[in-house]
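Enquirer: Here you go, one structure.
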Amino acid sequence: MLNKVIVCGVGLIGGSFALALKAAGAVKEVVGFGRSRAPLEEALRLGVIDRIGDDWAEAASADLVLLAMPVGQMAPVMYALEPYMGDDTVVTDGGSTKSDVAAAARAAFGERIGQFVPGHPIAGAEKSGVAAAKADLYRDKRVVLTPLTENTSAAIERVRSAWQACQANVSQLAPEEHDRVFAAVSHLPHLLAFALVHDLAVRENADQLFGFAAGGFRDFTRIASSHPEMWRDICIANRHALIGEVDAYMTELLRTRVLLASGDAAGLEMMFATARARRDAWLESLTPSGE
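Quick note: the sequence shown uses the numbering used here, first residue 4, plus one each step.
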């Protein structure tokens, strides 16, 4: 049982974390912080938080602080938080990049860096904001912790236990490995979805194109409805690994173009079959045994 949890950023990620802890009976009080008042008041009205925090002195008695804002906003919040952290306060985050967040935390927290345990919940939706938050967002979803060498086992366990109370499956990676992996399987797909929709949106016949778009376009571009500011920060923060993935994808597109240009039906079918088989195997691995 956590006595007091502070959630800074009460949108989809932070709000769902609060709701999940409440639903599990794992927290006595959730205090919300944010850069603007309106989302906090909505979170209070919806029962996502128990009260609105106005002073970082609240952190002195907090068991856990979740930083759930875009990664580009974390550094100033960390600096504001640090003077008020209690000796037993553990801080974590929900950012989609980890090397930059860890570096910002080292600069802001200094000797208190052992109290910061980086994390990344692999769950989301195309809609953002506290109204989109839900208690079961993390159920059976993966949360990746990227502990630092200074973290104590007790600090790591507190963060792990909180996410497990949200019914998430918790695993660990090194921060640098995390960023390489997610550049390929998360950041690149978002970038591609945004780029495709933007390409069509700025064409002269955009209305006609979107008028005929159907299920395949909707499914492929679903994540282009994600939060632009958040994904701007993610792409910039992880741009070096992401550029490598963009280059690899461009090479793959060139190979595909060669197959099309040469009318190589067998080559296209082989590529499609390999991709389908690997995706189907991945989908099957996501289904719990017995279902």
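Even glycine gets a Cβ: it sits at the ideal position worked out from N, Cα and C.
Got a sec, what are the start and stop residues for the beta strand (DSSP E) Leu49 sits in?
Expert: Within the sequence shown, residue 49 is the residue found at index 46, counting from 1. That residue, Leu49, is in no beta strand (DSSP E); it is neither H nor E in DSSP.
Enquirer: Just mark Arg163 as buried or exposed, buried being the case when its beta carbon has 16 or more other beta carbons within 10 Å.
Expert: Position 160 of the sequence shown, counted from the first residue, corresponds to residue 163. By the neighbour-count rule (16 or more Cβ atoms within 10 Å), Arg163 is buried.
Enquirer: If you follow the beta strand (DSSP E) that Lys7 is part of, which residue opens it and which one closes it?
Expert: Numbered from 1 along the sequence shown, position 4 holds the residue referred to as residue 7. Note, Lys7: beta strand (DSSP E), Leu5 to Cys11.
Enquirer: So within the stretch 41 to 105, which uninterrupted beta strand (DSSP E) runs reach at least 3 residues, ignoring any that extend past its ends?
Expert: Those beta strand (DSSP E) runs which fall completely within the stretch 41 to 105 and span 3+ residues are 67 to 70 and 93 to 96.
Enquirer: Return the bridge partner residues of Glu32 from the DSSP annotation.
Expert: Here residue 32 corresponds to residue number 29 of the sequence shown, with the count starting at 1. Paired residue(s): Lys7.
Enquirer: Just the Cα atoms here: how many angstroms apart are Arg281 and Phe220?
Expert: Position 278 of the sequence shown, counting from 1, holds the residue named residue 281. Position 217 of the sequence shown, counting from 1, holds the residue named residue 220. Cα-Cα distance, rounded: 21 Å.
Enquirer: Would Val120 pass as a contact of Ala158 if the rule is Cβ separation under 8 Å?
Expert: Taking the sequence shown and counting its residues from 1, the one referred to as residue 120 is at position 117. Taking the sequence shown and counting its residues from 1, the one referred to as residue 158 is at position 155. A contact, by the Cβ cut-off of 8 Å.
Enquirer: Check the DSSP bridge columns for Asn172 and list the partner residues they point to.
Expert: The residue given as residue 172 occupies position 169 in the sequence shown. According to DSSP, Asn172 bridges with Arg145.
Enquirer: Can Thr95 and Leu49 be called in contact, C-beta distance under 8 Å?
Expert: Here residue 95 is taken as the residue at index 92 of the sequence shown, counted from 1. Here residue 49 is taken as the residue at index 46 of the sequence shown, counted from 1. No, they are not a contact pair.
Enquirer: Can you have a look at Asn208 and say buried or exposed, based on whether 16 or more other CB atoms are within 10 angstroms of its CB?
Expert: If you number the sequence shown from 1, residue 208 lands on position 205. With fewer than 16 other Cβ atoms within 10 Å, it is exposed.
Enquirer: With Val74 and Pro42 assumed to form a contact (beta carbons below 8 Å), what rounded beta-carbon distance in angstroms separates them?
Expert: Walking along the sequence shown from the start, residue 74 turns up at place 71. Walking along the sequence shown from the start, residue 42 turns up at place 39. Between Pro42 and Val74 the Cβ distance is about 18 Å, and since that is not below 8 Å, they are no contact.
Enquirer: Short of 6 Å in beta carbon distance, which residues of its chain neighbour Val93, apart from the five on each side in sequence? Order them along the chain.
Expert: What you label residue 93 is simply residue 90 of the sequence shown in a count that begins at 1. Leu67, Gln118, Ala158 and Arg161, listed in sequence order.
Enquirer: Leaving out the 5 sequence neighbours to the left and right, which residues in its chain are closer than 6 Å to Phe112 when beta-carbon positions are compared?
Expert: As a first step, residue 112 must be located in the sequence shown, where it is residue number 109. So the list reads Glu85 and Phe119, once near-sequence residues are dropped.
Enquirer: Can the beta-carbon of Met4 be found closer than 8 Å to that of Lys31?
Expert: Looking up residue 4 in the sequence shown gives position 1. Looking up residue 31 in the sequence shown gives position 28. In contact: Met4 and Lys31 (Cβ atoms closer than 8 Å).
Enquirer: Nearest by alpha-carbon distance to Pro150: which of Ala136, Ala126 and Ala106 is it?
Expert: In the sequence shown, the residue the question calls residue 150 occupies position 147. The shortest Cα separation from Pro150 among Ala136, Ala126 and Ala106 belongs to Ala106.
Enquirer: Between which residues of its own chain and Leu289 is the CB-CB distance below 7 Å, once the five residues before and five after are set aside?
Expert: As a first step, residue 289 must be located in the sequence shown, where it is residue number 286. Same-chain partners within the cutoff: there are none.
Enquirer: With distance defined between alpha-carbon atoms, name the residue in Lys7, Asp267, Ala278 and Arg142 nearest to Ser64.
Expert: Position 61 of the sequence shown, counted from the first residue, corresponds to residue 64. For Ser64, the nearest C-alpha among the options comes from Lys7.
Enquirer: In this structure, what does DSSP give as the bridge partners for Pro124?
Expert: Position 121 of the sequence shown, counting from 1, holds the residue named residue 124. In the DSSP output, where bridge partners are listed per residue, Pro124 has Val146.
Enquirer: Can you give me the Cβ contacts of Ala196 inside the same chain, cut-off strictly under 6 Å, excluding the 5 residues immediately before and after it?
Expert: What you label residue 196 is simply residue 193 of the sequence shown in a count that begins at 1. Closer than 6 Å at Cβ, skipping near neighbours: Thr224, Ile226 and Ala227.
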